[in-house]
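These protein sequence lines map, in sequence, to chains A and B. Reading the first sequence from the start, the letters are residues 40 to 281 in this note's numbering. Reading the second sequence from the start, the letters are residues 249 to 550 in this note's numbering. Glycine residues also receive a C-beta, built at the ideal position from the N, C-alpha and C atoms. A short write-up of the structure that comes next.
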Amino acid sequence: MALLSLENVSKTFGGVMAVKSVSLQVEPGEVLGVMGPNGSGKTTLFNLVSGALVPNSGTIRFKGAPITGLPPHRICRQGIARTFQLVRPFLGLTARQNILVGLGYGCRPLSGSAAREKSEELLASVGLEGLGDRPASTLTAMDRKRLDLARALATSPDLLLLDEFMAGLNPQETSEAMGLIRRLQARGLTLVLVEHIVWALLELSQRIVVLSAGEKIAEGPPTAIARDPRVVEIYLGSIPFP
Amino acid sequence: MLWALLGLGAGFTAIPLFTESDYLLNLGVQLFLAVALAQSWNVLGGFTGQITLGHAAFFGLGALVTRTLWGNGVGILLAIIPGILVCIAFSLLIGGLAFRLRGDYFAIGTLALAEMLRIIVGNLLPGISTIPSTALTNYALLPRYYLGLALAALVVGVAAALARSRIGLGMQAIREDEAAAAASGVGVLGHKLLALVISTGLAGFAGGVFAYYHASYYPQYPFSPLWSFEAILMSFIGGVGTVHGPVLGALFYTILKEYLAVRLVEIHLLIFGTLFILIVLLLPGGLVEVWTRFRRLVHRGS
Ligand SMILES: Nc1ncnc2c1ncn2[C@@H]1O[C@H](COP(=O)(O)OP(=O)(O)O)[C@@H](O)[C@H]1O
Ligand SMILES: [Mg+2]
Chain A
40 MALLSLENVS
50 KTFGGVMAVK
60 SVSLQVEPGE
70 VLGVMGPNGS
80 GKTTLFNLVS
90 GALVPNSGTI
100 RFKGAPITGL
110 PPHRICRQGI
120 ARTFQLVRPF
130 LGLTARQNIL
140 VGLGYGCRPL
150 SGSAAREKSE
160 ELLASVGLEG
170 LGDRPASTLT
180 AMDRKRLDLA
190 RALATSPDLL
200 LLDEFMAGLN
210 PQETSEAMGL
220 IRRLQARGLT
230 LVLVEHIVWA
240 LLELSQRIVV
250 LSAGEKIAEG
260 PPTAIARDPR
270 VVEIYLGSIP
280 FP
Chain B
249 MLWALLGLGA
259 GFTAIPLFTE
269 SDYLLNLGVQ
279 LFLAVALAQS
289 WNVLGGFTGQ
299 ITLGHAAFFG
309 LGALVTRTLW
319 GNGVGILLAI
329 IPGILVCIAF
339 SLLIGGLAFR
349 LRGDYFAIGT
359 LALAEMLRII
369 VGNLLPGIST
379 IPSTALTNYA
389 LLPRYYLGLA
399 LAALVVGVAA
409 ALARSRIGLG
419 MQAIREDEAA
429 AAASGVGVLG
439 HKLLALVIST
449 GLAGFAGGVF
459 AYYHASYYPQ
469 YPFSPLWSFE
479 AILMSFIGGV
489 GTVHGPVLGA
499 LFYTILKEYL
509 AVRLVEIHLL
519 IFGTLFILIV
529 LLLPGGLVEV
539 WTRFRRLVHR
549 GS
């Protein structure tokens, strides 16, 4: 059974169809890449799955049960976590407190010393060891991304949605970020990735879905997608696949 | 730092053992009411980030209910509880609606609601409210002082417990970013309503103490928006969103206001308004921030 499935999901914003009757499935343990030009509906798709937006039509199922229309905190507690394209750590809280929010309210809530121990482990796992007491507002852009990821991981998700995690990173940071994502994958976490850095997406994903103007126009393994004429066309024939 | 608050509480408990000065006891009651107003506002406005300008509505409602029951022969402690319950019920009634408003609209909406209530009360009960004559002849300051102290201790205790709890952290996450909080599993509306219930219930208790303390006042007086503004002023001066800030702010405000009122009569609001703007612009952490910065300096020096 698919971990996540979307059946004919649509979302309009005042007449604009941001997501048009999209159907897709994510299998347990899989890494699915979602690509498409700016404005093609990728973030909206994440907002629909995580409950930040409610679809106009269609059904979203998680672990077989419909979650369409559930509020975001309930969807989180069922095991779907996300990061934000423009990272949104809780700036007025310390890095550790950011993580404690996810630990306290996620799928497998922890409290007291267990939560504290786990928060140290999570800080270390994303490369923020020693920064737990720092207010999130004093962290660098890359460290805020790490923190956003740690906060999401703290909810113990079965499915993690990463929205342009590598946007704005330098080559060194990009390779660190890829290492982080690979480690999550190795732990058996199911991932859906949205990335603008196409080569990175093709390298990390086992399967790719391509969106264009809200519609799914292609789906398949990375090698096939890189050669798909429709995909090559929307990317102006320039996929820099190494 | 919690020890400082406990020490302060012990100090205020002991004061009547050393002095029978009416002046000091009256100042004490005013201080306790100020602490309660500021700290109860801080739970909703500071921890949860829902800047309400309607806090006085609940101070007024608590005073109204408690005063009415007490005037009709119900014991004061028994009369305070329905005041709190009416505040909680009323806040739940308006909460669902008010929380559809965000930011400035929430602030203005809560002010409008509170003003409506004040005007209604002013029209329905235009006469002055005087405590029962038996209570007047036996009027003693000491029970008012200790009830006020108990109120302040409860409100600060609730805020301190909240600040250390998971739910308090969830409230702070909502203040920082609602969408990110919801995505982390925090039920936004539920937490906002809980903060509202705690905040308004405590304001209702403060209103009850006010009703017990003041011999005579117009029933609409505790509904005055000035009480809301003072609560906000004190929280920001001391350090909004912290446990110590509103206590420090209330101490500072009450003492300075008393000092200024003796000398300059009405100008204190102007002074506090200016101070408020300076603090918001230059020192968003309030007086508590001055203290932490000072301590950091001392640590570095030693
Ligand atoms: N909250 C919103 N309100 C109105 N329009 C929106 C909203 N979110 C997204 N859109 C529109 O939906 C379309 C898809 O946007 P988005 O999902 O952000 O694309 P992507 O993430 O692929 O760049 C765009 O036309 C965008 O302007
Ligand atoms: Mg996007």
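Beta-bridge partners of T51 (chain A) (DSSP): A:M56. According to the DSSP assignment, S96 (chain A) belongs to the beta strand (DSSP E) that extends over S96 to F101.
Taking the Cβ of T300 (chain B) as the reference point, every heavy atom of ligand 2 lies at 7 Å or farther away.
Spanning the alpha carbons of A355 (chain B) and G308 (chain B) requires a straight line of approximately 18 Å. Beta-bridge annotation (DSSP): R121 (chain A) is paired with A:L200.
Q211 (chain A) and H516 (chain B) have their C-alpha atoms roughly 58 Å apart. Annotation for D202 (chain A) indicates a beta carbon within 7 Å of some heavy atom of ligand 2. A heavy atom of ligand 1 is found nearer than 7 Å to the CB of T82 (chain A). Closer than 8 Å to the CB of G521 (chain B) there is not a single CB belonging to chain A. With contact defined as three or more Cβ pairs closer than 8 Å, the segment 187–207 of chain A and the segment 220–239 of chain A are in contact. In this structure, the alpha-carbon of H112 (chain A) lies about 31 Å from that of P494 (chain B). Burial state of V277 (chain B) is buried, judged by a 10 Å Cβ sphere holding 16 or more other Cβ atoms. Sequence-distant partners of A216 (chain A) (beyond 5 residues in either direction) whose C-beta falls short of 7 Å from its own C-beta, in its chain, are F204, M205 and L208. For G90 (chain A), the shortest separation between its Cβ and any heavy atom of ligand 1 does not lie below 7 Å.
Taking a C-beta cut-off of 9 Å against chain A, the contacting residues of the segment 434–445 of chain B are V434, G435, V436, L437 and G438, listed in chain order. For the segment 146–163 of chain A, the set of residues with a beta-carbon nearer than 7 Å to any beta-carbon of chain B comprises S150, in chain order. Contact residues of the segment 77–91 of chain A toward chain B are S89 and A91 (C-beta to C-beta distance below 7 Å). For G343 (chain B), no Cβ of chain A is located within less than 8 Å of the residue's own Cβ.
For P532 (chain B), the three-state secondary structure derived from DSSP is coil. The C-beta distance from A311 (chain B) to F458 (chain B) rounds to 5 Å, short enough to fall under 8 Å. Residues of the segment 417–434 of chain B with a C-beta atom less than 9 Å from some C-beta of chain A are L417, G418, Q420, A421, R423, E424, D425, A427, A428, A429, A430, A431, S432, G433 and V434, listed in chain order. Relative to ligand 1, A57 (chain A) has its C-beta within less than 7 Å of a heavy atom.
Runs of the alpha helix (DSSP H) lying entirely within the segment 181–258 of chain A and spanning at least 4 residues, in chain order: 210–225 and 237–243. Taking 8 Å as the cut-off, the beta carbon of V61 (chain A) is found closer than this to the beta carbon of L84 (chain A).
According to the DSSP secondary-structure assignment, V73 (chain A) is paired through a beta bridge with A:V233 and A:V248. Any Cβ of chain A closer than 8 Å to the Cβ of R414 (chain B) would place that residue at the interface, and such an atom is present.
Proximity of chain B to R127 (chain A) at the Cβ level (cut-off 9 Å) is accounted for by E424, D425, A427, A428 and A431, in chain order. C-alpha of T502 (chain B) to C-alpha of F280 (chain B): approximately 10 Å in a straight line.
Counting along the chain, the unbroken alpha helix (DSSP H) around Q287 (chain B) starts and ends at D270 to N290.
When DSSP reads this structure, E537 (chain B) sits in no beta bridge, so it has no partner.
No heavy atom of ligand 1 is found nearer than 7 Å to the CB of F260 (chain B).
For T177 (chain A), no chain B residue has a Cβ inside 9 Å of its Cβ, as the nearest lies near 14 Å away. In the three-state reduction of the DSSP assignment, T378 (chain B) falls in the strand class. Excluding residues up to 5 positions away in sequence, T229, Q245 and R246 lie with their Cβ nearer than 7 Å to the Cβ of E69 (chain A) in the same chain. For L149 (chain A) against K157 (chain A), the beta-carbon gap comes to about 6 Å, under 8 Å, which counts as contact.
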